[in-house]
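Residue numbers (my numbering), protein chains in the order written: chain A, 502 to 1086; chain B, 4 to 209.
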């Protein structure tokens, strides 16, 4: 058997250079933990902008003709920027750049990412992308109002808000983001493959790492499609090429000089990125929620191998379903049949995961801690969003529901609220490790209950509005014959709920900031978790993570409530012969 | 241990079967990173190619108007290809020199590879200006637009390769560990040569 004195594989790395200055430690840092926090804080900051935009949208939808500062073009800009920021600049960045950076090296027992300098560069390029995006709020014409899908030809036509500067900044920002992400993504993948501690086999990695790992691979393969689409659209709008732009007259009589371009081509490229993007956001959430459920139910994750395989299978399948976003584009019915079938097949591995989460809870020693509450809430919202996905995956049901609030309700449930709940749970879960402090539990529970019940109050009625035929992206409904007055009432109720949820997030921020300075000192392993990141010699972990010696892994990450064991969890770095059974409780 | 064996490991049964990790050798991280990046390049150029076919109006996948006027292939494009091929051969010489410890082969190989790389990029720029003087502008036809875009994407990747060439040169001159950068950049260059040949095939065949 392996002895602890043996140098582990990753010990061969060249010694870390410890920065001494404040700037070296916290600004131009190459430490994965600092970069993770930089990523997360930037993502949350820009996410707050998107949150404010959503509140403005709800004000307009709930109380039309009330807020004169919201004009139709402003509304479209809010829709666009809210969607793009949330999907790309918040969710992708925080899950991969934030949690990926923080958790991968700690969970696999590495000192850092394999290429710390590239990792640092990745963050600064991401920050540049965010700044370029923010700049579009301050240029003449404002940000683009093309909708987050940026469909041509309307995206670059004169009638669309932000057609002169906003769209160019948006496309440039996305291209920069992708370059930055590629640097980070290569790092995450190679770190998982190369820098695992001795004994950390692939199948001993926690589900969180698996989710982030597979999502990173997917992002590396999916983002090039968006990159190409952005470059081609930039050329169309600046250089006058006709990749996507058909021959078109703008404003009735002005020939734009385009000829023969294919708007559908853009849709294919966009959704070849756009659908895997859903799972780029979902898979890390799947992984993290598996770990939260297991730790807080004091039970090993049910069907670990299947959970891992399901992540891999979902990741692979998600590249073959993109055109289910394009059922109304006039595609060949056989294509629709193919994509409906492949879409519904994804339900199988996804359902396996859902059952396994439930079976992990089954007869577990469930602790209703705040992270656990968020994890269980994710199961609710994800099942709901997944089930409405079965409706939309079928062509014949999708066609009438297309572009209605049903779609809005569906994707907010499945890829908006669900990952956000997991992110909240994950922040509450790892906050003691990241900061060394504990947050206030009462505030946390209050935040949870308002958020969880609130999102249902917001998004459940949207499904009904959609079935009534209320279209999405409309500034106001006005007098529409087929829409009953109750729809307006529902819209008002949704807006009030949205504002309450919006305000409740301030509890979260207050809790996090206050606890950073005044929170009680946290135990190094407050949840009694078995995975490696809780076994660091210091809390918060220092640069290099592991002190003198890298950990050696002897078991999987889910040894909870092992019969006959002294404690109800056995950390991964505890050998099983009992000679070194010494671990914090 | 094969991938399937690894993924089939019953990690929960670990106590009692603590085999030492058989993977005592792991390839250099930079090599793995490059291989993953090959995947990114493949999908990037694969997507550009499929967009090319769609925009061109291939039977069954065309949505476009039949406005595609193919570009000619002047002699310069073949000369550039030959230069890129020679650059790859020079890289290969440097790589073989490194592997066999024949330092006499390394330096000339590296210098030639860098010079030929720069020459190729210059040749591509010359090709652009030739096309422009003949009236093949970016916006005048989608075939031209794709040509300029693909050559730019490929050229940018080559410039990245030249950056690593600079790293290898510095290391080789300073007597540092140049073997890894030389091996990896050589492989990267070969890969970009392959990409170029495929893209050239796309231009020629359409």
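C-beta atoms are modelled at their ideal positions from N, C-alpha and C, and glycine is treated no differently.
N- and C-terminal bounds of the alpha helix (DSSP H) containing residue i
i	result
residue 932(A)	919-936
residue 946(A)	942-969
residue 833(A)	From DSSP, residue 833(A) is part of no alpha helix (DSSP H); its letter is neither H nor E.
residue 96(B)	78-103
residue 630(A)	617-636
residue 888(A)	871-894
residue 976(A)	Per DSSP, residue 976(A) belongs to no alpha helix (DSSP H) and is neither H nor E.
residue 778(A)	764-797
residue 207(B)	182-208
residue 589(A)	Element bounds for residue 589(A): n/a, residue is neither H nor E.
residue 539(A)	533-563
residue 906(A)	906-912
residue 125(B)	106-136
residue 1002(A)	986-1019
residue 603(A)	602-609
Cβ separation of residue i and residue j, assumed to be a contact under 8 Å, to the nearest whole Å
i	j	result
residue 797(A)	residue 706(A)	The pair is not a contact, with the Cβ atoms about 20 Å apart (cut-off 8 Å).
residue 203(B)	residue 101(B)	Between residue 101(B) and residue 203(B) the Cβ distance is about 29 Å, and since that is not below 8 Å, they are no contact.
residue 677(A)	residue 720(A)	Going by Cβ atoms, the distance from residue 677(A) to residue 720(A) rounds to 15 Å, so no, they are not a contact pair.
residue 60(B)	residue 69(B)	6 Å
Minimum Cβ-Cβ distance from residue i to chain A less than 8 Å
i	result
residue 72(B)	no
residue 142(B)	yes
residue 184(B)	no
residue 43(B)	yes
residue 173(B)	no
residue 32(B)	yes
residue 46(B)	yes
residue 176(B)	no
residue 9(B)	yes
residue 98(B)	no
Straight-line gap, residue i to residue j (C-alpha atoms, nearest Å)
i	j	result
residue 200(B)	residue 623(A)	31 Å
residue 905(A)	residue 647(A)	17 Å
residue 9(B)	residue 608(A)	18 Å
residue 1109(A)	residue 909(A)	There is simply no residue 1109(A) to check, as chain A begins at 502 and stops at 1086 in what is shown.
residue 692(A)	residue 612(A)	10 Å
residue 520(A)	residue 1074(A)	29 Å
residue 679(A)	residue 864(A)	44 Å
residue 1083(A)	residue 1008(A)	Confidence at residue 1083(A) is low in this model, with a pLDDT of 43, below 50, so the placement of that residue is unreliable and no value is reported for it.
residue 916(A)	residue 1000(A)	20 Å
residue 1040(A)	residue 1051(A)	16 Å
residue 854(A)	residue 880(A)	10 Å
residue 505(A)	residue 1076(A)	Its pLDDT being 35, under 50, residue 505(A) is placed unreliably by the model, and the measurement read from it follows with that caveat. Distance between the alpha carbons of residue 505(A) and residue 1076(A): 9 Å.
residue 733(A)	residue 1070(A)	54 Å
residue 556(A)	residue 959(A)	12 Å
residue 503(A)	residue 1053(A)	Confidence at residue 503(A) is low in this model, with a pLDDT of 37, below 50, so its placement is unreliable and the value that follows should be read with caution. Taking the straight line from one Cα to the other gives about 9 Å.
residue 15(B)	residue 1057(A)	6 Å
residue 139(B)	residue 77(B)	12 Å
residue 604(A)	residue 729(A)	31 Å
Under 9 Å by beta carbon: chain B residues contacting residue i
i	result
residue 799(A)	Going along chain B, no residue has its Cβ under 9 Å from residue 799(A), so there is no contact; the nearest lies around 15 Å.
Test: residue i CB closer than 8 Å to a CB of chain B
i	result
residue 646(A)	no
residue 1047(A)	no
residue 729(A)	yes
residue 1084(A)	Low confidence applies here, because residue 1084(A) scores a pLDDT of 44, under 50, leaving its location unreliable; read the following figure in that light. So, not an interface residue.
residue 921(A)	no
residue 770(A)	yes
residue 615(A)	yes
residue 780(A)	no
residue 805(A)	yes
heavy atom of the ligand GTP below 7 Å from residue i C-beta
i	result
residue 53(B)	The model on display carries no ligand, and the ligand GTP is accordingly not part of it.
Within chain A, partners of residue i - CB distance below 8 Å
i	result
residue 145(B)	742, 743, 744, 761, 762
residue 152(B)	732, 733, 736
Contact list for residue i against chain A, beta-carbon separation under 9 Å
i	result
residue 40(B)	683, 687, 721
residue 110(B)	Correct list: empty, because the minimum Cβ distance to chain A is about 26 Å.
Contact set between residue i and chain B, taken where Cβ atoms lie within less than 7 Å
i	result
residue 726(A)	50
residue 766(A)	54, 57, 58, 66
Within chain A, partners of residue i - CB distance below 7 Å
i	result
residue 35(B)	691, 694, 695
residue 12(B)	702, 704
residue 148(B)	736, 742, 744
residue 103(B)	What residue 103(B) touches in chain A: nothing, since even the nearest Cβ is about 25 Å away.
Contacts that residue i makes with chain B (C-beta to C-beta distance below 8 Å)
i	result
residue 773(A)	50
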